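Working notes for the structure below.
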Amino acid sequence: MDQFKKLYQEYCKTYHVEPNELLLGEIQKVSGEDNKTKSLNLSSFNIPESQCSVLGKILTHDFIFTSIHLNDCNLSSDALQALLHGLVTNTTCKTLELKGNGIQGAGTEALAKVLRRNQTLRNLRLEWNQLGTMNSPAFSIFCDALADNKALIELDLRNNDINHVGGSELATALKRNITLRALDLRWNNVGLIGGRALLLLCQTNTTIDDLQLVGNNIPDDIMQSIANALSKNNEQRQMHFGHSQNMAVLSRQLQHVHTEKDREITTTLTRMSIQEQAMLKANKTLTEKLNKLQEALDERKLAFLAVSTRNTSLENDLIESKRQYDDVQSDMKRMEIDKEELIQKIRRECKHEKDELIDIQEKLQRNLNENIENQRRLNEKLHDLERKNDNLQTTIRELQETITINDRNHQIKLTTINDENERLKIKHKEDLKDNELILNRDVQRLKEAHISTEQTFKEQMSKLENIRTSLEREINTLKSTISTQKLTHDEKLQQEKIRIKNEEEKKQQEIEDRLRALTNSKDELESRYNQQLIANRELQQKINFQSVEIETFKRQVDSIQSTVLNYEKKLRSYQKDIDMTDEFKDRIKQLENDLKDQRFTDRHTIRELESRVTELQTTLNHRDQEISRLRHDEEQRLHFLRSAIVDYIGTGAS
Numbered sequence: 001m002d003q004f005k006k007l008y009q010e011y012c013k014t015y016h017v018e019p020n021e022l023l024l025g026e027i028q029k030v031s032g033e034d035n036k037t038k039s040l041n042l043s044s045f046n047i048p049e050s051q052c053s054v055l056g057k058i059l060t061h062d063f064i065f066t067s068i069h070l071n072d073c074n075l076s077s078d079a080l081q082a083l084l085h086g087l088v089t090n091t092t093c094k095t096l097e098l099k100g101n102g103i104q105g106a107g108t109e110a111l112a113k114v115l116r117r118n119q120t121l122r123n124l125r126l127e128w129n130q131l132g133t134m135n136s137p138a139f140s141i142f143c144d145a146l147a148d149n150k151a152l153i154e155l156d157l158r159n160n161d162i163n164h165v166g167g168s169e170l171a172t173a174l175k176r177n178i179t180l181r182a183l184d185l186r187w188n189n190v191g192l193i194g195g196r197a198l199l200l201l202c203q204t205n206t207t208i209d210d211l212q213l214v215g216n217n218i219p220d221d222i223m224q225s226i227a228n229a230l231s232k233n234n235e236q237r238q239m240h241f242g243h244s245q246n247m248a249v250l251s252r253q254l255q256h257v258h259t260e261k262d263r264e265i266t267t268t269l270t271r272m273s274i275q276e277q278a279m280l281k282a283n284k285t286l287t288e289k290l291n292k293l294q295e296a297l298d299e300r301k302l303a304f305l306a307v308s309t310r311n312t313s314l315e316n317d318l319i320e321s322k323r324q325y326d327d328v329q330s331d332m333k334r335m336e337i338d339k340e341e342l343i344q345k346i347r348r349e350c351k352h353e354k355d356e357l358i359d360i361q362e363k364l365q366r367n368l369n370e371n372i373e374n375q376r377r378l379n380e381k382l383h384d385l386e387r388k389n390d391n392l393q394t395t396i397r398e399l400q401e402t403i404t405i406n407d408r409n410h411q412i413k414l415t416t417i418n419d420e421n422e423r424l425k426i427k428h429k430e431d432l433k434d435n436e437l438i439l440n441r442d443v444q445r446l447k448e449a450h451i452s453t454e455q456t457f458k459e460q461m462s463k464l465e466n467i468r469t470s471l472e473r474e475i476n477t478l479k480s481t482i483s484t485q486k487l488t489h490d491e492k493l494q495q496e497k498i499r500i501k502n503e504e505e506k507k508q509q510e511i512e513d514r515l516r517a518l519t520n521s522k523d524e525l526e527s528r529y530n531q532q533l534i535a536n537r538e539l540q541q542k543i544n545f546q547s548v549e550i551e552t553f554k555r556q557v558d559s560i561q562s563t564v565l566n567y568e569k570k571l572r573s574y575q576k577d578i579d580m581t582d583e584f585k586d587r588i589k590q591l592e593n594d595l596k597d598q599r600f601t602d603r604h605t606i607r608e609l610e611s612r613v614t615e616l617q618t619t620l621n622h623r624d625q626e627i628s629r630l631r632h633d634e635e636q637r638l639h640f641l642r643s644a645i646v647d648y649i650g651t652g653a654s
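Under full-length UniProt numbering, residues 1 to 654 are what the sequence shown spells out, in order.
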């Protein structure tokens, strides 16, 4: 606003005009207001012609005032032309009021120029002027400009001396206007001829919905028909507005459907690529595991060959002690038979569980959308299993501690045996030199065998831990894939909840039965392990008892008994090594079978995913066809509606 004031003062200096204090006060008053729409109210001001020329120059550059009021200012034609010349290029003013200024002739032509070139003005109030005087063709020019105007919405021409000729010209001009909605012609002299022309205007121009004609000497029947035509125009405009809104809603819905389909396609493609990458990674890890297991198998074979060579070398020495070892051998055979039966039982159970797991996996692939609701329960069960796994880890640690304790006891016994041998060497150097050398070699061999077996046990434990971690990772990857696939089947869940509950309860009972069976088998294994520990303790007690008795025997009997005990320990260690190699072979075979089954299931899942992608593509094609059909039907409906509207308008005009 300060810029407008400075511009006014500069123009006054350039044109050598004194600034009008009233005008400056009005500008200052407007600048003090806070509203966004600024209004310049100069009504009832006596504005000289020089001030009007300055205002016209300023209004060409004005971007502040949206409303200008110049009512009852008694402007001359030159002053009015100067002001309106500034409004020709103005792009801010939307309301112009020129009430009671006696506009006619040149002023009317200036207004016509404004209407022809200004496309911003929306509301023009010209009541109490003399636009309709027929002394000059100015009103015809005004009507032509009004026909070409594309922005004016409201026009007030009350009390402007418009006769029937002016009314007819105004009606013919407004037939070409498509934006004017309200026209006020009250207190003119349009008459019967002008009324008929305006009636024809209302029947042809559907944009005008407000026409005031009081005080124009128009018959009542023509007024009624004009009112009917205006009501029809209003109804048609409302119908057009509703139809445009419906079309906009339909277009938005179609756009939304297209975006949703594009999003679904992109998500499915990204999901497929992620699953392919996961499958490739899983295959790579499985091949690496197979290579590692093959290397471990080769190492086991080499160790087994070394053990067999040692066994052949010791068979000659074991012939003498075989008689005493028969009882122990029979017990070991019985334990081996029990162990084989247990292994066969475990294999059968594992095979049965594997088949059940394969069936469950297929069911999960088919009914993946059915497992979402019970995911929470399964998570709780998984936490329980993790706790059980932690308990098993603690038991494994306890077993390792017991193994270390047994190794420590074995070392202590070896040290005691060495001390006894040293004592026997001091007492009987001449008689037992050969036996001492044999004993030293056997002790050294036992130490090396014990160290090698301990290292192999540690390596096996580390490998088993790696296998367990890899299986946990696979379980986590399967969980992630299940969670991603879960999102795509949320809609089908709502329809199959009732069926899922019954089946999930059955599955839960089956899983609980399996868990009970596994816990029972674990308890049986723990009980058998405790029995073996008890047997080992009894054997240890027997060995201690024999060591006590050996001290009372003769020197030769002591040496023979010590060799027999050493041979028995060697046999136990060799038998344990043989049993461990058999178990590792069975585990390797089982892992190979698991890998084959995993590959088969992975291929099956890939095929199912491909079939799902094709099904989704077909459904998308069907939906696109439906959308195109709906568009075609909507276009036909629009065509029929347009033809019906045209027919209705034609019948109304006739």
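A virtual CB, placed ideally from N, CA and C, is assigned to each residue, including glycine.
None of these values were measured; they are calculated from a predicted model.
Within this structure, are the beta carbons of Q119 and A82 separated by less than 7 Å?
no
Where do the ends of the beta strand (DSSP E) carrying R125 lie?
N123 to R125
Using 8 Å as the cut-off, can you tell me whether the stretch 83-101 makes contact with the stretch 112-131, which would need three or more C-beta pairs spanning the two stretches below that distance?
yes
Would you grab the beta carbon distance between L84 and L111 for me? Rounded to a whole angstrom, and I think it's under 8 Å.
6 Å
Taking DSSP as the reference, what is the three-state secondary structure of H69?
strand
Through-space distance from M247 to V613, alpha-carbon basis
33 Å
My understanding is that I103 touches L131, with C-beta atoms under 8 Å, so please give their C-beta distance in whole angstroms.
6 Å
Within 10 Å of its beta-carbon, does T619 have 16 or more other beta-carbons around it, so buried, or fewer, so exposed?
exposed
Cα separation between N228 and L40?
39 Å
Residues that N41 bridges to, as DSSP identifies them:
H69
Just checking my contact of L591 with L293 at CB under 8 Å: how many whole Å lie between their CB atoms?
6 Å
Span of the beta strand (DSSP E) around T95:
T95 to E97
According to DSSP, is A151 part of a helix, a strand, or is it coil?
coil
Inspect the beta-carbon positions of L155 and L185 and report whether they are closer than 7 Å.
no
State buried or exposed for residue 682, treating a residue as buried only when at least 16 other CB atoms are found within 10 Å of its CB.
Summary: the structure shown does not reach residue 682, with the chain confined to residues 1 through 654, and so no result is reported for it.
Endpoints, alpha helix (DSSP H) assigned at Q51:
E49 to T60
Quick check on G25: buried or exposed, where buried means 16 or more other Cβ atoms within 10 Å of its Cβ?
exposed
Specify, as a first and last residue, the run of the alpha helix (DSSP H) that L198 falls within.
G191 to T204
Can you tell which of S470, S573 and D327 has its C-alpha closest to the C-alpha of K447?
S573
Taking the Cβ atom as the reference point for each residue, do T60 and T89 lie within a distance shorter than 7 Å?
yes
Looking at C-alpha atoms only, which residue of N159, R499, L342 and T207 is the closest neighbour of V190?
N159
Apply the 10 Å Cβ neighbour rule to R516 and answer buried if 16 or more other Cβ atoms are within range, or exposed otherwise.
exposed
What residues match up with Q212 in a beta bridge as DSSP calls it?
D184
With which residues is D156 paired in a DSSP beta bridge?
R125 and D184
Within 10 angstroms of its Cβ, does N409 collect 16 or more other Cβ (buried), or is it exposed?
exposed
Quick check: what's the CA-CA separation for residue 714 versus T268?
Since the first residue shown for the chain is 1 and the last is 654, residue 714 is missing from the structure and cannot be characterised.
So the alpha helix (DSSP H) H85 belongs to, where does it begin and stop?
S77 to L87
So, L230 versus D209, is the Cβ gap smaller than 7 Å?
yes
For L254 and H622, the rounded distance between their alpha carbons:
15 Å
Between which two residues does the alpha helix (DSSP H) carrying F4 extend?
D2 to T14
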